[in-house]
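The sequence shown begins at 1 in UniProt numbering and counts up by one. First comes the structure, then the notes that go with it.
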Amino acid sequence: MAYADVYKSWQDDPEGYWLKQAEAIDWIEPPKQALFDRGDDVYEWFADAKVNACWNAVDRHVEAGRGDQVAIIHDSPVSGVTRRITYVNLRNRVAQLAGALRAKGVEKGDRVIIYMPMIPEALEAMLACARLGAVHSVVFGGFAANELAVRIDDCKPKCIIAASCGIEPGRIVHYKPLLDGALDVAEHQPDFCVIFQREQEVAHLEEGRDVNWHGFQFGVEPAECVPVEGNHPAYILYTSGTTGQPKGVVRPTAGHLVALNWTMKNIYNVEPGEVFWAASDVGWVVGHSYICYGPLVHGNTTIVFEGKPVGTPDAGTFWRVISEHKVRSFFTAPTAFRAVKREDPNGEFIKKYDLSNLRAIYLAGERADPDTIEWTQKMTGKPVYDHWWQTETGWTIAGNPAGIEPLPVKIGSPTVAMPGYDIRILDDEGHEVPPGTLGAIAVKLPLPPGTLPTLWNAPERFKKSYLSHFPGYYETGDAGMKDEDGYLWIMARTDDVINVAGHRLSTGGMEEVLASHPDVAECAVIGVSDALKGQLPMGFVCLTKGVNRDPAEIGKECVALVREKIGPVAAFKLVSVVDRLPKTRSGKILRATMVKIADGQEFKMPATIDDPAILDEIRSAVEELGYPLAVAE
1 MAYADVYKSW QDDPEGYWLK QAEAIDWIEP PKQALFDRGD DVYEWFADAK
51 VNACWNAVDR HVEAGRGDQV AIIHDSPVSG VTRRITYVNL RNRVAQLAGA
101 LRAKGVEKGD RVIIYMPMIP EALEAMLACA RLGAVHSVVF GGFAANELAV
151 RIDDCKPKCI IAASCGIEPG RIVHYKPLLD GALDVAEHQP DFCVIFQREQ
201 EVAHLEEGRD VNWHGFQFGV EPAECVPVEG NHPAYILYTS GTTGQPKGVV
251 RPTAGHLVAL NWTMKNIYNV EPGEVFWAAS DVGWVVGHSY ICYGPLVHGN
301 TTIVFEGKPV GTPDAGTFWR VISEHKVRSF FTAPTAFRAV KREDPNGEFI
351 KKYDLSNLRA IYLAGERADP DTIEWTQKMT GKPVYDHWWQ TETGWTIAGN
401 PAGIEPLPVK IGSPTVAMPG YDIRILDDEG HEVPPGTLGA IAVKLPLPPG
451 TLPTLWNAPE RFKKSYLSHF PGYYETGDAG MKDEDGYLWI MARTDDVINV
501 AGHRLSTGGM EEVLASHPDV AECAVIGVSD ALKGQLPMGF VCLTKGVNRD
551 PAEIGKECVA LVREKIGPVA AFKLVSVVDR LPKTRSGKIL RATMVKIADG
601 QEFKMPATID DPAILDEIRS AVEELGYPLA VAE
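Next up, the structure:
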């Protein structure tokens with residue numbers, strides 16, 4: 001069938017289509033009904049079924065006689081280690097870990113926070129939770145202590161599973177002090193913490209609270225898979241909210257399994273047994289969907305890569321991994337290729353490796369700029385497919401269905417809607433706009449299986465954030481358009497969440513941190529274009545009257561403060577001390593206008609601006625910081 005036929009078969013009978021796809025999953029009790037309308041624009045999929053995610057990701061492949069196939073390849077240039085774990089070995093390890101957690105009281109429905117680097121044990125912890133029906137919440141390893149504390153207080157874990165450290169090029173990241181710091185300020189306290197001691201750093205264990213990963217598993221009975229309802233949460237994953245307060249996206253178990261399994265062949269074009277590599281982190285949604293669950297449920301070999309695109313040791317790392325492990329489909333963020341291109345513009349490293357097994361490269365996480373796509377296509381000779389999705393959806397909204405029918409690539413577009421997504425471009429009043437017209441990108445409800453049904457402990461916030469603006473639609477928060485061929489074009493965010501190297505971060509959250517500086521009276525943070533990371537935060541601070549200190553010193557303190565409170569992932573380095581901020585007469589800061597000044601774009605003078613002269617002061621400030629980029633170059 002061609003893509004158009006597949007999409008139409010979904011349109012003609014959405015529930016029948018997904019019940020058919022559900023046949024690929026092992027059910028304890030198969031679903032009799034696909035969609036459940038809970039009223040008020042809230043829907044659930046396969047809620048009448050019983051299933052276990054760990055069984056589908058691990059045990060069933062062993063039962064089918066494929067236990068000797070490699071499930072996980074751990075490739076860690078930062079530690080010099082490569083490990084291969086077969087499906088039968090993975091089953092035994094996960095069952096033992098789950099048994100140890102169960103012996104300490106972890107049961108179905110309990111939450112477990114996982115705070116680990118890119119090691120196989122991170123996946124084993126996720127799968128052990130799934131085995132028990134516990135709900136895991138992975139927090140990006142090395143996230144600042146107060147950010148971890150916020151998540152601890154929101155999901156109230158019975159247990160936290162952490163590693164002693166992470167490894168970055170040239171330095172060790174001490175996880176245990178960050179975890180201890182988070183627990184010092186968190187109101188909720190877990191019953192116990194499991195610490196995986198890495199040889200690079202053996203952390204101090206708190207008596208009575210902390211247990212050793214290996215020691216606490218000794219002598220316990222391995223756990224069997226616990227049946228859970230189809231709508232039972234598999235995990236909570238926190239994503240930045242525009243308020244700076246993280247939102248806990250809930251992933252329902254059954255729809256998650258059905259949708260991810262469907263994508264492995266239809267989008268990523270891999271067969272069971274082949275090697276699939278997503279160069280991301282388990283702390284992000286890509287790590288959940290395409291390092292852990294998707295490839296394993298489908299029976300692929302997945303790669304857990306602990307390194308960087310450049311510097312571990314060089315700009316050839318990606319090509320080495322692809323060549324050495326015979327990767328068939330490779331998924332990463334455009335920022336990774338921008339880094340590689342900067343170090344190796346002529347692709348000299350690519351020539352050293354055999355990429356003949358690689359079918360295609362997939363990009364997501366931020367807008368893929370044409371330069372990066374064209375360079376990657378030219379240097380590798382492989383198709384490069386941009387695709388667009390969100391933490392909230394868990395899988396592709398719009399992409400190129402390469403496993404059904406590779407469609408012509410239009411550089412700058414993530415191609416077309418996937419089955420399950422009825423994408424509409426709406427004006428502010430919620431009316432559809434003609435092709436080629438910019439508008440808000442929304443998806444007609446219901447969303448397909450695997451997407452979020454709610455936010456953790458915040459159903460009203462879920463409705464307000466996603467459903468209230470356009471009744472009957474899911475609001476994506478992105479703006480864009482469709483062309484005459486039905487191809488989607490993503491143009492901008494419609495809120496103040498910025499995208500730094502594929503990580504969505506709230507400028508509002510950074511403003512809260514800057515405002516806590518004793519000398520800062522007022523501040524604004526905007527996202528500016530950056531050739532390497534896609535976007536970088538740029539801060540403007542106005543000092544409290546009477547402060548007579550060196551502005552450069554205050555700027556350094558502001559940078560350190562954001563690094564401490566939000567973490568290095570924010571890449572916050574650009575800050576300017578200014579006398580005042582451009583505002584409307586009602587006092588609203590004109591951030592969108594500031595972004596245009598920083599990016600060197602033309603803009604219309606806002607009709608409600610209080611004092612137009614201030615825009616010249618902002619322009620001078622951003623030029624001192626080396627922006628617009630055209631000026632810097």
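Glycine residues also receive a C-beta, built at the ideal position from the N, C-alpha and C atoms. These figures come from a predicted structure and were not determined experimentally.
*Exposed or buried, what is G109 when buried is set at 16 or more other beta-carbons lying within 10 Å of its beta-carbon?*
As a first step, residue 109 is located in the sequence shown; it is residue number 109 there, counting from the start. Result: exposed.
*asked:* Comparing C-alpha positions only, which one of K482, Y474 and L407 sits nearest to G439?
replied: To locate residue 439, count along the sequence shown from 1; it is residue 439. Nearest option by C-alpha distance: K482.
*Thinking V228 and N457 are a contact (beta carbons under 8 Å), I'd like their distance in whole angstroms, please.*
On the sequence shown, position 228 is the one that residue 228 refers to. On the sequence shown, position 457 is the one that residue 457 refers to. The pair is not a contact, with the Cβ atoms about 19 Å apart (cut-off 8 Å).
*asked:* Suppose you measure from the CA of N266 to the CA of M126; what does that come to, to the nearest Å?
replied: Counted from its first residue, the sequence shown places residue 266 at position 266. Counted from its first residue, the sequence shown places residue 126 at position 126. Those two C-alpha atoms are separated by around 25 Å.
*Is the number of C-beta pairs between the stretch 304-313 and the stretch 365-384 that are closer than 8 Å three or more?*
no
_Any contact between the stretch 137-145 and the stretch 293-312? By contact I mean 3 or more CB pairs, one from each, below 8 Å._
no
*What does a CB cutoff of less than 7 Å around G166 pick up in its chain, not counting 5 residues either side in sequence?*
The sequence position of residue 166 within the sequence shown is 166, counting from 1. Around G166: P117, G141, G142, V173 and Y175.
*Using a threshold of 8 Å, state whether the C-beta atoms of L455 and V250 are closer than that.*
Working through the sequence shown from its first residue, we reach residue 455 at position 455. Working through the sequence shown from its first residue, we reach residue 250 at position 250. Their beta carbons are under 8 Å apart, which means L455 touches V250 by this criterion.
*asked:* I need the straight-line Cα distance from L296 to Q21, nearest angstrom please.
replied: For the purposes of this step, residue 296 is identified with residue 296 of the sequence shown, where counting begins at 1. For the purposes of this step, residue 21 is identified with residue 21 of the sequence shown, where counting begins at 1. Rounded to the nearest angstrom, the two C-alpha atoms are 17 Å apart.
*Grab the span of the alpha helix (DSSP H) containing Y17 for me, first residue to last.*
Start at 1 with the first residue of the sequence shown, and residue 17 comes out as number 17. Y17 -> alpha helix (DSSP H) spans P14 to A22.
*asked:* Among S516, I195, H298 and L532, whose alpha-carbon lies nearest the alpha-carbon of E343?
replied: Looking up residue 343 in the sequence shown gives position 343. Checked all of S516, I195, H298 and L532; the closest Cα to E343 is L532.
*asked:* Whether or not the stretch 502-514 and the stretch 468-476 are in contact is what I'm after, with contact meaning three or more pairs of Cβ atoms, one per stretch, closer than 8 Å; do they touch?
replied: Contact fails: fewer than three Cβ-Cβ distances are below 8 Å.
*Starting from P252, follow the beta strand (DSSP E) in both directions and report where the run begins and ends.*
As a working note, residue 252 is residue 252 in the sequence shown. Unbroken beta strand (DSSP E) run through P252: K247 to P252.
*asked:* Output needed for V384: all residues of its chain with C-beta closer than 6 Å, excluding positions within five of it in sequence on either side, in chain order.
replied: Position 384 of the sequence shown, counting from 1, holds the residue named residue 384. I361, I373, T376 and Q377.
*So, is R151 buried or exposed, given that buried needs 16 or more other C-beta atoms within 10 angstroms?*
On the sequence shown, position 151 is the one that residue 151 refers to. Per the 10 Å Cβ criterion, buried.
*For C542, which option in I322, R83, R580 and E29 has the closest C-alpha, if you only look at C-alpha atoms?*
Position 542 of the sequence shown, counted from the start, is the residue given in the question as residue 542. C542 has its Cα closest to that of R580, out of I322, R83, R580 and E29.
*Closest residue to K596 among G436, G527, P31 and G248 (Cα-Cα distance)*: To locate residue 596, count along the sequence shown from 1; it is residue 596. That would be G527, whose Cα lies nearest to the Cα of K596.
_In this structure, how does DSSP classify C159 when only helix, strand and coil are distinguished?_
If you number the sequence shown from 1, residue 159 lands on position 159. It is a strand residue.
*Ranges of the alpha helix (DSSP H) found wholly within the stretch 412-495, counting only runs of at least 4*: 459-462
_Where the beta strand (DSSP E) through residue 635 begins and ends_ = With the chain represented from 1 up to 633, any question about residue 635 goes unanswered, as that position is not in the structure.
_Endpoints, alpha helix (DSSP H) assigned at A592_ = One-based indexing of the sequence shown puts residue 592 at position 592. Here the alpha helix (DSSP H) through A592 covers R591 to A598.
*Taking A552 as the reference, which of M510, A47 and V578 has the closest Cα?*
Reading the sequence shown from its first residue, position 552 is the one you call residue 552. That would be V578, whose Cα lies nearest to the Cα of A552.
*Would you report the Cα separation of V304 and Y238, rounded to the nearest angstrom?*
Translated into the one-based positions of the sequence shown, residue 304 becomes position 304. Translated into the one-based positions of the sequence shown, residue 238 becomes position 238. Roughly 21 Å separates the two Cα atoms.
_Measuring straight from C-alpha to C-alpha, what distance separates T335 and F218?_
Taking the sequence shown and counting its residues from 1, the one referred to as residue 335 is at position 335. Taking the sequence shown and counting its residues from 1, the one referred to as residue 218 is at position 218. In a straight line, the C-alpha of T335 is about 43 Å away from that of F218.
*What residues match up with R111 in a beta bridge as DSSP calls it?*
Looking up residue 111 in the sequence shown gives position 111. The partner list for R111 (beta bridge, DSSP) reads V135.
*May I ask you to report which of helix, strand or coil DSSP gives F196?*
In the sequence shown, the residue the question calls residue 196 occupies position 196. Correct three-state label for F196: strand.
_Assuming contact is defined by CB atoms lying nearer than 8 Å, are A621 and S576 in contact in what I supplied?_
For the purposes of this step, residue 621 is identified with residue 621 of the sequence shown, where counting begins at 1. For the purposes of this step, residue 576 is identified with residue 576 of the sequence shown, where counting begins at 1. Yes, these two residues count as a Cβ contact at 8 Å.
*Consult DSSP for residue 639 and reduce its assignment to one of helix, strand or coil.*
The shown model of the chain, from 1 to 633, leaves out residue 639, and the question about it has no answer.
*Contact check, G273 vs Q69 under 8 Å by CB: the rounded distance?*
What you label residue 273 is simply residue 273 of the sequence shown in a count that begins at 1. What you label residue 69 is simply residue 69 of the sequence shown in a count that begins at 1. Right, the Cβ-Cβ distance comes to about 6 Å (below 8 Å), so this counts as a contact.
*Three-state secondary structure assigned by DSSP to I609*: For the purposes of this step, residue 609 is identified with residue 609 of the sequence shown, where counting begins at 1. Of the three classes helix, strand and coil, the one that applies to I609 here is strand, per DSSP.
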